[in-house]
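Student: Next up is a structure, given as C-alpha cells.
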Amino acid sequence: MKLFLTSFVAVIVASLWYFRINIFETLIERKNCEAARNCEDTRKFTYWPVVLDQWNKNDNLRSMKRVFDRMGFRMVNGSEEHWDIMWSIEFPFDSFPEKITNSTIKPNQRINHFPGTPFIGNKLALVTTLESEYILPAFSFPKDEKRFKRFIEEHPEARFVEKNYDNRGVQLVPKSVIQQGFSRENKFLQVFLDNPLLIDGHAFDIGMYVLITSIDPLVFYRYKPECLFRFCSEPYHPFDPKNLKKYVIAGNKKHAWDMKTFQHLEVQFDFHNLDIFKNYLNKNGHDVEALFKKFDDAIVTAITSKINNIVAATQNECKLFKCTNENFFELFRFDFMIDDQLNVYLMEINMSPNMTPSKEEYERNGIHYEQVIYNTLRLIGAEGFVELKDDLRSSQMFSSSQNIAIDIEACSGCDDKCESESCYLCLPCMSEDVREYLKRFYREHNRRGEFARIFPSAASVDNENLGSFSEKTQNLALWMSAKCEMDEEWC
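Taking the UniProt record's numbering, the leading residue of the sequence shown gets 1, the next gets one more, and so forth.
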C-alpha cells in the first residue's frame, strides 16, 4: 500500500510539473504571438466597414458584414483600432482622408478603392472622353457644343437623352429643345439607344462585376457565373417618349424573376439568370460567344484607355498615405445595354455597386451578392488569413520560385547571358521585384474561384499592343503567355 501511495504521489507531482512547464511555455508563446498579432483571438483578422449616414438607410454594407463574419473577421472602427481590410461605400480619399492617414498604411492592409479609379467611375468623364464603339456619343455643355452641332448635322435622325452627372433623371429631350440650343447646368446629352434588344417586350440592362487587383502590373477579372439583370417596368412598344417606364430603369424596375422567359427556369430549376439569358440567345439564333467577347473587349477598352491616369493619381495619393499598388483592390459593376443587332454599349461603371437587397422582395439577389463578395475576398487573399500576414515563410507556402519558373529549354542556358531577350524572365535573370509580383499573381491565379481573368490574356494582349503598356504589365503578360504554353489553364 505504501509503495502504491508513493507511486501515486510521484505521478501527481510529475503531472503537476508537466502542466507547470506547459503553462509556462504557453504564456511565453502567448506573449510572443500577441506581439506579432497572430494568437488565436488576436489573429482574428479585422475589417472596417465605412459608410456615411445618408448612404446607410438600407444598411448598404449588410451583405459585406455577413460574408466577413462568416469568414471569421471581426468588425472594428478603423479610426481607433487596427484594421486589415477597409470596405468603403464612398471614395475614401476625398471623403475622409484624415481617417486613413492616422498612421501609415501597412503592407498587409487592403482598401477596396484605388485612388485613381474615378477616371473610369465618373459618369461624365467616361462617356465624353472615351471614344469607343462601345459607348454611345455624349456631349457636355458648353465644352462640347461645336462637336455636338457637327454630330447632329451628320446624324439628323439621332435622338438624345438628358442625364444628370450622377446618371439620374434620364429622359428623352424633344428635338425642339435641341434645335433651340441645349445648355443646362450639371447635365449632359447622350445618344438614345432606340433599338434595344427586348426580352418579353421589355428593355433591360446587364450588370457585370469586374475586379481590379493591380494597376501596375495591370490585372483584372470578370465574375463568370452571374450578372445583374434589370428590366424596364413597362413594355417598350408602343413607344411613348413621355413614359419613362418604357425606357428608363428606375426604382420601379422589374427583375429577372418577374419575366416570363426567366421565371420557370430560375424559380423551379435554380438556373443562373446568365445561363437562362445565354439559352434564350441560342434559341433565337444569336452567337453567344461573339457577344461575350464584345463585353470583355468593352471592359478592357474602358480600363486600359485610362490606366495611365489611374496609375499617376494612385502614385500621387500614395506619397501622402505611404501606400503601394498592393494595398488596393476594387470591385466594379459595368452596366451594359444591347441593341437588336447584338452590339453592346457601356452605359455606366459603378465604383461602389449596391451589394445589399434594398427591399425584402429583392432578397433573391442576396445570395448572388454574397457569392460575388466572397469570391472577391478570396481572390485578394483574405480567405485563408495567412496571406494577409506580412510573413515571408507564410507566403512561400502559397508560392515559391519553383512555381514561377518557365520555359525550361530556353532558360537552362541562361546562367551567364541574361542580356539575351529570351532569358529576361528566367529566374537567374529576374530582379527581386519581378519575382515577387510574379509570385503574387501565381497565388492570385490559384485563388481566382468564379472569376475569369480578362487582362492580361491572349485575347486582350498581343504583339501589336504589348508595347503600349508599362514594363511590369508587359513582363506579366509575357510570363502568363509562357505559363499558357505549359498549361492551358493559364490561357
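Idealized CB from N, CA, C, for every residue including glycine.
1. Identify the residues that DSSP records as bridge partners of Phe220: which are they?
2. Helix, strand or coil: how does DSSP classify Ala229 here?
3. The beta strand (DSSP E) with Ala382 in it runs from where to where?
4. Count the C-beta pairs between the stretch 142 to 159 and the stretch 297 to 304 that are closer than 8 angstroms, then say yes if the count reaches three, no if not.
5. For Asp187, which residues does DSSP report across the bridge?
6. What residue does the alpha helix (DSSP H) around Met64 start on, and which one ends it?
7. At the level of alpha carbons, what is the spacing between Lys65 and Ile85?
8. Only counting the same chain, and skipping five residues up and downstream in sequence, which positions put a Cβ closer than 6 angstroms to that of Tyr165?
9. Excluding the five sequence neighbours on either side, which residues of its own chain have a C-beta within less than 8 angstroms of the C-beta of Asp339, listed in chain order?
10. Are the beta-carbon atoms belonging to Phe188 and Ala256 less than 8 angstroms from one another?
11. Name the DSSP bridge partner or partners of Thr46?
12. Unbroken beta strand (DSSP E) runs of length 3 or more, entirely within the stretch 123 to 147: which are they?
13. Give me the Cα-Cα distance between Ser63 and Gly72, rounded to the nearest whole angstrom.
14. Taking the straight line between their C-alpha atoms, what separation do you get for Pro107 and Ala452?
15. Within 10 angstroms of the Cβ of Ile349, are there 16 or more other Cβ atoms? Answer buried if so, exposed if not.
16. Specify the secondary structure class of Asp416 as computed by DSSP and reduced to three states.
17. Where Glu29 and Asp462 are concerned, what is the direct C-alpha to C-alpha distance, given to the nearest angstrom?
18. For Phe68, tell me which candidate among Ser481, Glu421, Pro456, Leu377 has the shortest Cα-Cα distance.
19. With DSSP as the reference, please indicate the residues paired to Pro196 in a beta bridge.
20. Round the Cβ separation of Thr473 and Asp216 to the nearest angstrom and send it over; I've been treating them as touching at under 8 angstroms.
21. So which of Lys439, Pro118, Ser352, Leu228 has the shortest CA-CA distance to Ile276?
22. Smallest Cα separation from Val210: which of Phe269, Glu383, Ala405, Ala298?
23. Tell me where the alpha helix (DSSP H) around Glu317 begins and ends.
24. To the nearest angstrom, report how far apart Met337 and Asp205 are at their CA atoms.
25. In whole angstroms, give me the CA-to-CA distance for Ser412 and Tyr424.
26. According to the Cβ coordinates, are Lys163 and Gly169 closer than 8 angstroms?
27. With DSSP as the reference, identify every bridge partner of Asp205, one or two as the case may be.
28. Find the nearest neighbour of Asp422 within the set Ala410, Pro428, Gly251, Asp415, judged by alpha-carbon distance.
29. Helix, strand or coil for His255? Go by DSSP, reduced to three states.
30. Between the beta-carbon of His286 and the beta-carbon of Pro225, is there less than 8 angstroms?
31. Near Cys429, what residues of its chain come up, given a Cβ to Cβ distance below 7 angstroms and the 5 sequence neighbours on each side ignored?
32. Among all the DSSP beta bridges, which residues are the ones paired with Asn350?
33. For Arg435, tell me which candidate among Asn475, Ile249, Asn446, Ile454 has the shortest Cα-Cα distance.
34. On the three-state DSSP scale, how would you describe residue 531?
35. Assign Ala459 to one of two classes, buried (16 or more other C-beta atoms within 10 Å of its C-beta) or exposed (fewer than that).
36. Starting from Ser481 and walking both ways along the alpha helix (DSSP H), at which residues does that stretch end?
Tutor: Concretely, from the data shown:
1. Translated into positions along the sequence shown, residue 220 becomes position 220. Phe220 is bridged to Ile212, Phe455.
2. One-based indexing of the sequence shown puts residue 229 at position 229. Here residue 229 turns out to be Phe, not Ala, going by the sequence shown. Shown here, Phe229 sits in a strand according to DSSP, grouped into three states.
3. Position 382 of the sequence shown, counted from the start, is the residue given in the question as residue 382. Neither: Ala382 is in no beta strand (DSSP E) and is coded neither H nor E.
4. In short, these stretches do not touch, since the Cβ pair count stays below three.
5. Indexing the sequence shown from 1 puts residue 187 at position 187. With the sequence shown as reference, residue 187 is identified as Lys, and Asp is not the correct amino acid for it. Per DSSP, Asn164.
6. As a working mapping, residue 64 is identified with position 64 in the sequence shown. For Met64, the enclosing alpha helix (DSSP H) covers residues 62 to 70.
7. Sequence index remark: in the sequence shown, residue 65 carries index 65 (1-based). Sequence index remark: in the sequence shown, residue 85 carries index 85 (1-based). Taking the straight line from one Cα to the other gives about 12 angstroms.
8. On the sequence shown, residue 165 is found 165 positions in, with the first residue counted as 1. Cβ neighbours of Tyr165 beyond the five flanking positions: Leu124, Asn186.
9. Here residue 339 refers to the residue found at position 339 of the sequence shown. Excluding residues within five positions, the ones whose Cβ falls inside 8 angstroms are Leu193, Asn195, Pro196, Leu197, Tyr345.
10. Along the sequence shown, read from residue 1 onward, the residue named residue 188 stands at position 188. Along the sequence shown, read from residue 1 onward, the residue named residue 256 stands at position 256. The answer is no: Cβ separation not under 8 angstroms.
11. Locating residue 46 in the sequence shown gives position 46, counting from the first residue. Note: Thr46 sits in a beta bridge opposite Arg74.
12. For the stretch 123 to 147, the full-length beta strand (DSSP E) segments reaching 3 residues or more read 138 to 140 along the chain.
13. On the sequence shown, residue 63 is found 63 positions in, with the first residue counted as 1. On the sequence shown, residue 72 is found 72 positions in, with the first residue counted as 1. Looking at the backbone, the Cα of Ser63 and that of Gly72 are separated by about 15 angstroms.
14. As a working note, residue 107 is residue 107 in the sequence shown. As a working note, residue 452 is residue 452 in the sequence shown. Pairing Pro107 with Ala452, the inter-Cα distance amounts to about 26 angstroms.
15. For the purposes of this step, residue 349 is identified with residue 349 of the sequence shown, where counting begins at 1. Per the 10 Å Cβ criterion, buried.
16. Taking the first residue of the sequence shown as position 1, residue 416 is located at position 416. Residue state, collapsed to three classes: coil.
17. For the purposes of this step, residue 29 is taken as the residue at position 29 of the sequence shown. For the purposes of this step, residue 462 is taken as the residue at position 462 of the sequence shown. Confidence at Glu29 is low in this model, with a pLDDT of 45, below 50, so its placement is unreliable and no value can be given for it.
18. If you number the sequence shown from 1, residue 68 lands on position 68. If we check each option's Cα against that of Phe68, Leu377 comes out closest.
19. On the sequence shown, position 196 is the one that residue 196 refers to. Under DSSP, the beta-bridge partners assigned to Pro196 are Asp339.
20. Taking the first residue of the sequence shown as 1, we reach residue 473 at position 473. Taking the first residue of the sequence shown as 1, we reach residue 216 at position 216. That belief holds up - the Cβ atoms of Thr473 and Asp216 are roughly 7 angstroms apart, short of 8 angstroms.
21. The count along the sequence shown starts at 1 and reaches residue 276 at position 276. Among Lys439, Pro118, Ser352, Leu228, the Cα nearest to that of Ile276 is on Leu228.
22. Residue numbering aside, residue 210 sits at position 210 when the sequence shown is read from its first letter. Nearest neighbour of Val210 by Cα position, chosen from Phe269, Glu383, Ala405, Ala298, turns out to be Ala298.
23. Numbered from 1 along the sequence shown, position 317 holds the residue referred to as residue 317. That run of the alpha helix (DSSP H) goes 307 to 321.
24. Mapped onto the sequence shown, residue 337 falls at position 337. Mapped onto the sequence shown, residue 205 falls at position 205. Met337 and Asp205: Cα-Cα distance of roughly 5 angstroms.
25. By one-based count along the sequence shown, residue 412 stands at place 412. By one-based count along the sequence shown, residue 424 stands at place 424. Rounded to the nearest whole angstrom, the C-alpha separation of Ser412 and Tyr424 is 12 angstroms.
26. Sequence index remark: in the sequence shown, residue 163 carries index 163 (1-based). Sequence index remark: in the sequence shown, residue 169 carries index 169 (1-based). If you check the CB distance, Lys163 and Gly169 come in under 8 angstroms.
27. Translated into positions along the sequence shown, residue 205 becomes position 205. The partner list for Asp205 (beta bridge, DSSP) reads Arg230.
28. Against the sequence shown, residue 422 aligns to sequence position 422. For the record, residue 422 in the displayed sequence is Ser; it is not Asp. Among Ala410, Pro428, Gly251, Asp415, the Cα nearest to that of Ser422 belongs to Ala410.
29. Walking along the sequence shown from the start, residue 255 turns up at place 255. Note: His255 maps to strand in three-state DSSP.
30. Stepping through the sequence shown from its first residue, residue 286 is reached at position 286. Stepping through the sequence shown from its first residue, residue 225 is reached at position 225. No, these two residues do not count as a Cβ contact at 8 angstroms.
31. The residue given as residue 429 occupies position 429 in the sequence shown. The residues are Cys414, Cys418, Cys423.
32. Taking the sequence shown and counting its residues from 1, one reaches residue 350 at position 350. Looking at the DSSP assignment, Asn350 forms a beta bridge with Arg333.
33. Mapped onto the sequence shown, residue 435 falls at position 435. It is Asn475 whose Cα lies nearest to the Cα of Arg435.
34. In the structure as shown, the chain begins at 1 and stops at 491. Residue 531 is therefore absent and cannot be evaluated.
35. Numbered from its first residue, the sequence shown carries residue 459 at position 459. Within a 10 Å sphere around the beta-carbon of Ala459 sit fewer than 16 other beta-carbons, which makes this residue exposed.
36. Counting from 1 along the sequence shown, the entry for residue 481 is found at position 481. That run of the alpha helix (DSSP H) goes 471 to 486.
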